[in-house]
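Using the UniProt record's numbering, the first residue of the sequence shown is number 1, and each one after it goes up by one.
Note sheet for the following structure.
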Amino acid sequence: MSKFSTSNFRSIKDEVVLSMLANETDDVHTEYLCHVGAESLIPVAAIYGANAAGKSNILNAMNVAIGLIRQSDSRGINNILRGIDSFRFDEEMREQSTRFDFIFIT
1 MSKFSTSNFR
11 SIKDEVVLSM
21 LANETDDVHT
31 EYLCHVGAES
41 LIPVAAIYGA
51 NAAGKSNILN
61 AMNVAIGLIR
71 QSDSRGINNI
81 LRGIDSFRFD
91 EEMREQSTRF
101 DFIFIT
């Protein structure tokens, strides 16, 4: 996985991106990079920020999205999707779709 992004999920209103792409200008510890095609990926990432800034909700979004993918073959088209909470602090956002994007390099 090179990137995961989400928007309109719990405390996350606007798009948040977790990127595993290496910074092209950083040439320190390049021996740890994973090279896939023309891309260089970092093997580990850290999420940091202020308390109650939404760090855990980035991981929660990823877990919910993975769960939806795993259950997609057994869930009917009209079933209610559980565990998806839209952005809670804006009435308009409650009516909008929550977005999960995974980008893989193969």
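Every residue, glycine too, gets a C-beta built ideally from N, C-alpha and C.
Quick caveat: nothing in here was measured; it's all calculated off a predicted structure.
Simplified DSSP state of Lys3, which is helix, strand or coil: strand
Between Ile80 and Leu68, what straight-line distance do the alpha-carbon atoms span, to the nearest angstrom? 11 Å
If you scan the UniProt domain "ATPase AAA-type core" (44–104) from start to end, which runs of the beta strand (DSSP E) of 3 or more residues do you find wholly inside it? 99–103
Met93 versus Ala22 - alpha carbon distance: Annotation: Met93 to Ala22 spans about 33 Å, alpha carbon to alpha carbon.
Among the residues of its own chain, which have a CB less than 6 Å from the CB of Phe9, if the five just before and after it don't count? Ala61, Thr98
Pick helix, strand or coil for Glu39, following the three-state DSSP scheme. DSSP places Glu39 in strand when its eight states are reduced to three.
Length of the line joining the Cα atoms of Ser7 and Leu33: 28 Å
Run the CB neighbour count on Val64, radius 10 Å, all protein chains shown included, and call it buried at 16 or more, exposed below. buried
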